[in-house]
Amino acid sequence: MFDYGLVPDNFTFPFVLKACAALSAIEHGREIHEHVVQTGWEKDVFVGAALIDMYAKCGCVGSAREVFDKILVRDAVLWNSMLAAYSQNGHPDACLSLCSEMVLTGLRPTEATLVTAISASADNAALPQGRELHGLSWRQEFESHDKVKTALVDMYAKCGSVRVARNLFERLGVKRVVSWNAMITGYAMHGHATEALDLFEEMNRVAKPDHITFVGVLSACSHGGLLEEGWMFFETMIRDYKIDPTVQHYTCMVDLLGHSGRLDEAYNLIMQMKVVPDSGVWGALLNSCKIHGNVELGEIALERLIELEPDDAGNYVILSNIYAQAGKWEGVAKLRKLMTDRRLKKSIACSWIEVKNKVHAFLSGDTSHPLSDEIYAELERVGGLMKEAGYSPSTGSVFHDVEDDEKANMVCSHSERLAIAFGLISTPPGTRLLITKNLRICEDCHVAIKFISKITEREITIRDVNRYHHFKDGVCSCGDYW
DNA sequence: CTAGGGTTAG
Numbered sequence: 001m002f003d004y005g006l007v008p009d010n011f012t013f014p015f016v017l018k019a020c021a022a023l024s025a026i027e028h029g030r031e032i033h034e035h036v037v038q039t040g041w042e043k044d045v046f047v048g049a050a051l052i053d054m055y056a057k058c059g060c061v062g063s064a065r066e067v068f069d070k071i072l073v074r075d076a077v078l079w080n081s082m083l084a085a086y087s088q089n090g091h092p093d094a095c096l097s098l099c100s101e102m103v104l105t106g107l108r109p110t111e112a113t114l115v116t117a118i119s120a121s122a123d124n125a126a127l128p129q130g131r132e133l134h135g136l137s138w139r140q141e142f143e144s145h146d147k148v149k150t151a152l153v154d155m156y157a158k159c160g161s162v163r164v165a166r167n168l169f170e171r172l173g174v175k176r177v178v179s180w181n182a183m184i185t186g187y188a189m190h191g192h193a194t195e196a197l198d199l200f201e202e203m204n205r206v207a208k209p210d211h212i213t214f215v216g217v218l219s220a221c222s223h224g225g226l227l228e229e230g231w232m233f234f235e236t237m238i239r240d241y242k243i244d245p246t247v248q249h250y251t252c253m254v255d256l257l258g259h260s261g262r263l264d265e266a267y268n269l270i271m272q273m274k275v276v277p278d279s280g281v282w283g284a285l286l287n288s289c290k291i292h293g294n295v296e297l298g299e300i301a302l303e304r305l306i307e308l309e310p311d312d313a314g315n316y317v318i319l320s321n322i323y324a325q326a327g328k329w330e331g332v333a334k335l336r337k338l339m340t341d342r343r344l345k346k347s348i349a350c351s352w353i354e355v356k357n358k359v360h361a362f363l364s365g366d367t368s369h370p371l372s373d374e375i376y377a378e379l380e381r382v383g384g385l386m387k388e389a390g391y392s393p394s395t396g397s398v399f400h401d402v403e404d405d406e407k408a409n410m411v412c413s414h415s416e417r418l419a420i421a422f423g424l425i426s427t428p429p430g431t432r433l434l435i436t437k438n439l440r441i442c443e444d445c446h447v448a449i450k451f452i453s454k455i456t457e458r459e460i461t462i463r464d465v466n467r468y469h470h471f472k473d474g475v476c477s478c479g480d481y482w
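Position 134, counted from 1, in the first sequence is what the UniProt record's numbering calls 134; the numbers after and before it change by one each time, with no gaps.
As structure tokens, this is what we get:
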């Protein structure tokens, strides 16, 4: 175009920027951005939205925001692009606060605004926020839109209300593949394997499952420990549905084999698969090694994980736990040194609970809550009842568990226990407690919470980093492997 | 005289 002496205009840029976005070609994108500035189109909302989207798809949220801030007369699509930029780059909270800012300017949200914001609140596992957006959808008369409703199905499932999700799902006008996928995946993460598989059968009569559907189905099998069924679905997917397995499918299979204790088979599967193994696959293997106490494969998995994500402290901690369980203290010491040398800090454990539409957050050993004294008193009271019922804090491996190993003899002040105690004293008897946590639940807390659920006759639901645990009457829905 | 562009759920 330049060779012909032509100057691009406001219609040219969006096309070119879309191409940059599709290729994640950031250098080209920045070059085009310069042309935009030179030709004076930087205040155009169409060009601006395309620029924001390009930067977002290249992972440069900061640059996207600069573009957004320079445009003072904004339309809804410009806002939506910026919301999506945050959402796609793992900043759901920024997405949500920008959404309220948008609403405050008086601009009417569009379908895309709601879909983006609702999915951000799903990522945040923030039920109050999600509910608020549900209300906003009603008021703006978008609740009947199937896209918005599917986003709500996903949000309610991810925020712990599977039944509400199912209800909305049934009220969808047209169930599209994404809608089925949202519901199946929702059941899977709650460990409701039967419901997920029943829904898959039902889906087959009316829609064609895609590769995401199978991620849901396979993860349902793995969370439910259904080894045979998992293999059957994996094979049918390839043979009958002609879907090539992706890393995500392999991750489910590794998890499935690993959970059943078939670690060598899991390792062999990774070695022979035709796609490049990512941190998810090796992470699944490492986690299975932790469950079954396999030091040798755990070491291999960590080696690969260090190559892929050297700064993720969680991986080192898991292998360290495996060493500790096996009594290999020199291994524990070696990893601890490795972590200090690399200046790696474990992420701080945090749990939060919603009570009366308000979120209360707790850190491990936290004493900052206004009701702190009452919370610790309740922990002590319940702790006494637990001892009578036969609970004794596990020793040994707990000293080096996922969080707070310095104060391991005080495991009873782990963040989830504080959140539970707060829930117990601030809700009527029998109310279900819903807690979200940023890390895995430690072994000891898992045992303890089973006791608490029985003693207090409460249903306790905890969302872990990767799945839900439903504690009821002394049993957890994860069947004790997670 | 006309056309053509940006955002969204699993």
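Even for Gly, the Cβ is constructed at its ideal location relative to N, Cα and C.
Quantities reported herein were computed from a predicted structural model and do not represent experimental measurements.
For residue i, which beta-bridge partners are listed by DSSP?
i: Cys478; result: Answer by DSSP bridge pairing: none, since Cys478 is not bridged.
i: Val359; result: Glu354
i: Tyr468; result: Arg463
i: Lys437; result: Ser351
For residue i, which of helix, strand or coil comes out of DSSP?
i: Val332; result: helix
i: Lys43; result: coil
i: Leu107; result: coil
i: Thr72; result: Thr is not the amino acid found at residue 72; the sequence shown has Leu there. Three-state DSSP puts Leu72 in coil, outside helix and strand.
i: Phe214; result: helix
i: Cys221; result: helix
i: Phe233; result: helix
i: Phe422; result: helix
i: Leu77; result: Strictly speaking, residue 77 in this sequence is Val, with Leu absent from that position. Helix at Val77.
i: Thr340; result: helix
i: Arg30; result: helix
i: Ala25; result: coil
i: Ser97; result: helix
i: Gln248; result: helix
i: Lys147; result: helix
i: Arg432; result: coil
i: Glu378; result: helix
Using only the alpha-carbon positions, how far apart do residue i and residue j sit?
i: Leu418; j: Asp480; result: 22 Å
i: Met237; j: Ser219; result: 14 Å
i: Leu17; j: Phe2; result: 16 Å
i: Lys272; j: Ile300; result: Lys is not the amino acid found at residue 272; the sequence shown has Gln there. Each residue's alpha carbon lies about 16 Å from the other.
i: Glu296; j: Leu302; result: 10 Å
i: Ser81; j: Asp53; result: 6 Å
i: Asn181; j: Thr340; result: 42 Å
i: Val164; j: Gly106; result: 30 Å
i: Ile318; j: Arg65; result: 37 Å
i: Ala313; j: Trp41; result: 45 Å
i: His127; j: Val162; result: In the sequence on display, residue 127 carries Leu and not His. Cα to Cα, Leu127 sits roughly 12 Å from Val162.
i: Leu424; j: His446; result: 17 Å
i: Ala22; j: Phe11; result: 18 Å
i: Asn321; j: Asp9; result: 60 Å
i: Arg463; j: Ala25; result: 37 Å
i: Leu286; j: Asp255; result: 10 Å
i: His400; j: Leu434; result: Note that His400 scores 47 on pLDDT, short of 50, meaning its location in the model is unreliable; the coordinates nonetheless yield the value given after this. Using only the alpha carbons, I get a separation of about 27 Å.
i: Val103; j: Lys356; result: 24 Å
i: Asp473; j: Leu83; result: 42 Å
i: Ile455; j: Leu385; result: 7 Å
i: Lys328; j: Arg458; result: 39 Å
i: His369; j: Lys158; result: 26 Å
i: His28; j: Val36; result: 12 Å
i: Asn315; j: Lys149; result: 37 Å
Within 10 Å of its beta-carbon, does residue i have 16 or more other beta-carbons around it, so buried, or fewer, so exposed?
i: Glu31; result: exposed
i: Lys43; result: exposed
i: Glu443; result: buried
i: Asn294; result: buried
i: Gly383; result: buried
i: Cys476; result: buried
i: Tyr4; result: exposed
i: Thr185; result: buried
i: Arg176; result: exposed
i: Ser144; result: exposed
Mind checking whether residue i and residue j have CB atoms under 9 Å apart?
i: Gln248; j: Val215; result: yes
i: Tyr241; j: Leu269; result: no
i: Leu136; j: Leu114; result: yes
i: Leu305; j: Ser288; result: no
i: Ser179; j: Val153; result: yes
i: Ile348; j: Phe362; result: no
i: Leu96; j: Gln129; result: yes
i: Ser192; j: Ile243; result: In the sequence on display, residue 192 carries His and not Ser. No. Outside cutoff.
i: Leu168; j: Tyr156; result: yes
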